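Below you'll find the structure, written out as structure tokens, and then a few comments.
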Amino acid sequence: MNLEDLTGVLEYVKKITKEAGRIILDVYKKDFQVDFKDDLTPVTEADRKSNDFIVSSLKNRYPECAVLAEESENDPERLKNDWCFIVDPLDGTKEFIQKNGEFTVNIALSYKGKPVLGVIGIPVTGELYYAVKGKGAFYEKDGHAEQIHVSTRTDDIRLVMSRSHKSQRLLDW
Numbered sequence: 024m025n026l027e028d029l030t031g032v033l034e035y036v037k038k039i040t041k042e043a044g045r046i047i048l049d050v051y052k053k054d055f056q057v058d059f060k061d062d063l064t065p066v067t068e069a070d071r072k073s074n075d076f077i078v079s080s081l082k083n084r085y086p087e088c089a090v091l092a093e094e095s096e097n098d099p100e101r102l103k104n105d106w107c108f109i110v111d112p113l114d115g116t117k118e119f120i121q122k123n124g125e126f127t128v129n130i131a132l133s134y135k136g137k138p139v140l141g142v143i144g145i146p147v148t149g150e151l152y153y154a155v156k157g158k159g160a161f162y163e164k165d166g167h168a169e170q171i172h173v174s175t176r177t178d179d180i181r182l183v184m185s186r187s188h189k190s191q192r193l194l195d196w
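Position 54 of the sequence shown, counted from 1, bears residue number 77 in my numbering, the numbering being contiguous throughout.
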């Protein structure tokens, strides 16, 4: 793989992000068990199934790349690889458990420790946010994509914060 291949990689990562979202929604629609990891954070069947699907898809398509995934064992050998996919197969497990729809699938690719590609999928709405180094950032829904930009606004700034991981410092602000 080289940096010129990123457009093709992006299309594949978008595809598996959407499929992982469908896998998650299959679990979301039914009753499911909540387990706890060693660090006492929750994990569900959806986390595991999404993780297994994404990791196996990436390893099959890009065997030359390392993969660091939240629900997989960390392999320190990945540090010797210039290319590494970084996967959070279900970001917002607490929100998933609460069934409030506020969770995502996140897949990124780094080259020599620097991010070069990222995709965030929102399974409940079918929305995608993605970016590729040198190509910009985009929002996509129902097959329609539009480029997005960072706001230049300096007054009336908006702040986004997790419901489940609140910061007292931000609450006091």
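In this text, a Cβ means the ideal position worked out from N, Cα and C, and glycines have one as well. All values derive from a computational prediction rather than experimental measurement.
Reducing DSSP to helix, strand and coil, say where residue i ends up.
i: Thr67; result: strand
i: Thr157; result: Sequence inspection shows Gly at residue 157; the Thr mentioned does not correspond to that position. Note: Gly157 maps to coil in three-state DSSP.
i: Lys41; result: helix
i: Gln56; result: coil
i: Asp114; result: strand
i: Thr4; result: Outside the displayed range of the chain (24 to 196) lies residue 4, so it cannot be described from this structure.
i: Thr175; result: coil
i: Ile180; result: coil
i: Tyr51; result: helix
i: Asp61; result: coil
i: Lys122; result: coil
Among all the DSSP beta bridges, which residues are the ones paired with residue i?
i: Glu150; result: Ile145
i: Pro99; result: Note: Pro99 sits in no beta bridge, so no partner.
i: Leu91; result: Ile109
i: Val36; result: For Val36, which the question treats as bridged, DSSP gives no partner whatsoever.
i: Lys164; result: His167
i: Val139; result: Answer is none; Val139 lacks a bridge partner.
i: Leu132; result: Phe108 and Leu140
Would you say residue i and residue j are within 9 Å of each other, going by their C-beta atoms?
i: Ile143; j: Gly159; result: no
i: Cys88; j: Asn74; result: no
i: Ile39; j: Ile77; result: yes
i: Pro65; j: Thr116; result: yes
i: Cys107; j: Ser79; result: no
i: Asn83; j: Leu91; result: no
i: Ala69; j: Tyr51; result: yes
Alpha carbon to alpha carbon, how far is residue j from residue i? Give it in angstroms, no decimals.
i: Asn123; j: Glu27; result: 39 Å
i: Gln56; j: Leu151; result: 28 Å
i: Leu81; j: Ile109; result: 10 Å
i: Glu34; j: Thr67; result: 28 Å
i: Pro112; j: Val147; result: 14 Å
i: Lys199; j: Asp49; result: Residue 199 lies beyond the residue range present for the chain, which begins at 24 and ends at 196; the question has no answer from this structure.
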